[in-house]
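*Asks:*
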Amino acid sequence: MVKAIVGANWGDEGKGKITDVLAAQSDVVIRFQGGSNAGHTIINDHGRFALHQLPSGVFYDHITNVIGNGVSLDIGKFLKEMNELAEKGVHPRMLVSDRVQVVMPYHVLFDQYEEERLGGKSFGSTKSGIAPFYSDKYAKIGFEMCELFDEDYAYQKLKGVLEVKNVLLRDLYHKPELSADEVFENLMKQRDAIRPYVGDTFRFLRSALKEGKNILLEGQLGALKDPDYGIYPMVTSSSTLAGYGAVGAGLPPYAIRDIVVVCKAYSSAVGAGAFVSEIFGDEAQEMRVRGGDSGEFGATTGRPRRMGWFDCVASRYGVQAQGATEVALTVVDALGYLDEIPVCVGYEIDGKVTRDFPTTPSLEKAKPVLQVLPGWKSDVRGITKYEDLPENCRRYVEFIEKELEAPITMVSNGPGRHELIHR
0 MVKAIVGANW
10 GDEGKGKITD
20 VLAAQSDVVI
30 RFQGGSNAGH
40 TIINDHGRFA
50 LHQLPSGVFY
60 DHITNVIGNG
70 VSLDIGKFLK
80 EMNELAEKGV
90 HPRMLVSDRV
100 QVVMPYHVLF
110 DQYEEERLGG
120 KSFGSTKSGI
130 APFYSDKYAK
140 IGFEMCELFD
150 EDYAYQKLKG
160 VLEVKNVLLR
170 DLYHKPELSA
180 DEVFENLMKQ
190 RDAIRPYVGD
200 TFRFLRSALK
210 EGKNILLEGQ
220 LGALKDPDYG
230 IYPMVTSSST
240 LAGYGAVGAG
250 LPPYAIRDIV
260 VVCKAYSSAV
270 GAGAFVSEIF
280 GDEAQEMRVR
290 GGDSGEFGAT
300 TGRPRRMGWF
310 DCVASRYGVQ
320 AQGATEVALT
330 VVDALGYLDE
340 IPVCVGYEID
350 GKVTRDFPTT
360 PSLEKAKPVL
370 QVLPGWKSDV
380 RGITKYEDLP
390 ENCRRYVEFI
400 EKELEAPITM
410 VSNGPGRHEL
420 IHR
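Residues in the sequence shown are numbered consecutively from 0, following numbering that gives the first Met the number 0.
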């Protein structure tokens, strides 16, 4: 059985916690796309963790955690996270694809320098090297992990790539050039450190499928950050959709039988781009401080997240783009302070109201059409049965479920592993 856990919106929906919970019944957890540009926050008996490169199954001894070939792998950050876990007594079973491509130091530099150059027109990048990494991957000048084990080949390739990169560093960004020898020496040190984890994940997953193992695909960010279906160009550089899980992990597409789409009970986003239901000022700050387990601040950047009311138009679109079989609604507990809760049920664009999510040029002009629902004015943390939630809280969940046109099977009412109500 292969199950995918992916986001409906802009990321930051609470996928880390849902993966951590569902991993208990899994044998394999796979990261299949993205890199260290987003973090999954997990709170458990070991403490509080923000994972950036590692799958969220690392806290279970019985799980094999896989870095799939679709990931942007920053070896330095991978090793740092593994060391941090070891310090807390956590020693996960880890397998890294020999086909995964690695983030090079110049990817991070180009990400920083380009955002600097663009100034006010920047993409709000996390400066983790993601866009330059995927640019090189598709320009066929990236480095697969397996290539690093042929040292002569890798060194000659690096020299050729740096000829072009150094021209850009020198003439476009006016920054120091890179030495092939220095870059290569550091790369070999990192390769040697990660060597024990590297293997043929394609073959491993074929065996796992044959043996009937439970496999969990863990997505990063959400549908609205997908380069094909999201708010382009303010998107990420790898597909955030469950369908890409087959490619980025190395599985047959028909093997993915269950797609859990995670959706927050309100909206939040990090980075630039259209965000129709956004709220500002004190109203946003109040929600930001109450949201999540320690406020709405990016797990990777620490940046305050942009806040908004629940967006039915964007969320329904995200649920459909992901192909949801079920929905997990998170952070319901954060809304208990509100007398009334506005919900965005449509977009007004050039005087016309639509319930369909438009392309970016129209999205930039959209104004929210709000419907106000009554609040429940109480703390719902600690409640373990759906029927014990306040009536207005249940009404809110059921209103969203109807709008999403997909069943909400889980309601998260706190950051902890056990604070999850199954419907």
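For each residue, glycine too, the CB sits at the ideal point set by N, CA and C.
For clarity, every value in this text was computed on a predicted model and none was experimentally measured.
Would you kindly work out how many angstroms separate the C-alpha atoms of G242 and R256, rounded to a whole number?
*Replies:* Rounded to whole angstroms, G242 to R256 spans 11 Å at the Cα level.
*Asks:* In the DSSP output, what is S96 paired with across the bridge?
*Replies:* G198.
*Asks:* For D395, does the three-state DSSP call read helix, strand or coil?
*Replies:* Going by the sequence as given, residue 395 is Tyr instead of Asp. It is helical.
*Asks:* Hey, out of K164, A85 and N36, whose CA is closest to G46's CA?
*Replies:* The shortest Cα separation from G46 among K164, A85 and N36 belongs to A85.
*Asks:* Let's test the definition: count the other Cβ atoms within 10 Å of the Cβ of Y152 and tell me whether it reaches 16, buried, or not, exposed.
*Replies:* Exposed is the call here.
*Asks:* When the Cα atoms are used, what is the spatial distance from G272 to R190?
*Replies:* Cα to Cα, the separation comes out at about 37 Å.
*Asks:* Between S236, P104, E400 and F109, which lies nearest to F183 when the distance is taken from Cα to Cα?
*Replies:* It is P104 whose Cα lies nearest to the Cα of F183.
*Asks:* If I measure Cβ to Cβ from E278 and keep anything under 6 Å in the same chain, skipping five residues before and after, which residues do I get?
*Replies:* With the sequence shown as reference, residue 278 is identified as Ile, and Glu is not the correct amino acid for it. Result list for I278: M306 and G307, in chain order.
*Asks:* Between the alpha carbons of Y133 and G10, how many angstroms are there, rounded?
*Replies:* Their backbone Cα atoms lie some 19 Å apart in a straight line.
*Asks:* Rank P367, I420 and K76 by C-alpha distance to the C-alpha of A327 and give the top, closest one.
*Replies:* Among P367, I420 and K76, the Cα nearest to that of A327 belongs to I420.
*Asks:* Which of the three DSSP states is assigned to Q233 in this structure?
*Replies:* The question names Gln, yet the displayed sequence has Met at residue 233. Correct three-state label for M233: coil.
*Asks:* Going by beta carbon distance, what residues of the same chain come within less than 8 Å of E285, once the five residues before and after it are set aside?
*Replies:* Y336, listed in sequence order.
*Asks:* For the alpha helix (DSSP H) that N165 lies in, which residues bound it at each end?
*Replies:* First-last of the alpha helix (DSSP H) with N165: E150 to V166.
*Asks:* Pop quiz: D19 and F58 are said to be a contact at Cβ under 8 Å. What is the actual Cβ separation, rounded to whole angstroms?
*Replies:* The Cβ separation is near 7 Å, so the contact holds.
*Asks:* Am I right that V330 and A264 are in contact with their C-beta atoms under 8 Å? What's the rounded C-beta distance?
*Replies:* With a Cβ gap of about 5 Å, V330 and A264 count as contacting.
*Asks:* On the three-pair Cβ rule with 8 Å, is the segment 379-394 touching the segment 345-361?
*Replies:* Short answer: they don't touch.
*Asks:* Going by DSSP, what residue range makes up the beta strand (DSSP E) through T329?
*Replies:* Residues E325 to T329.
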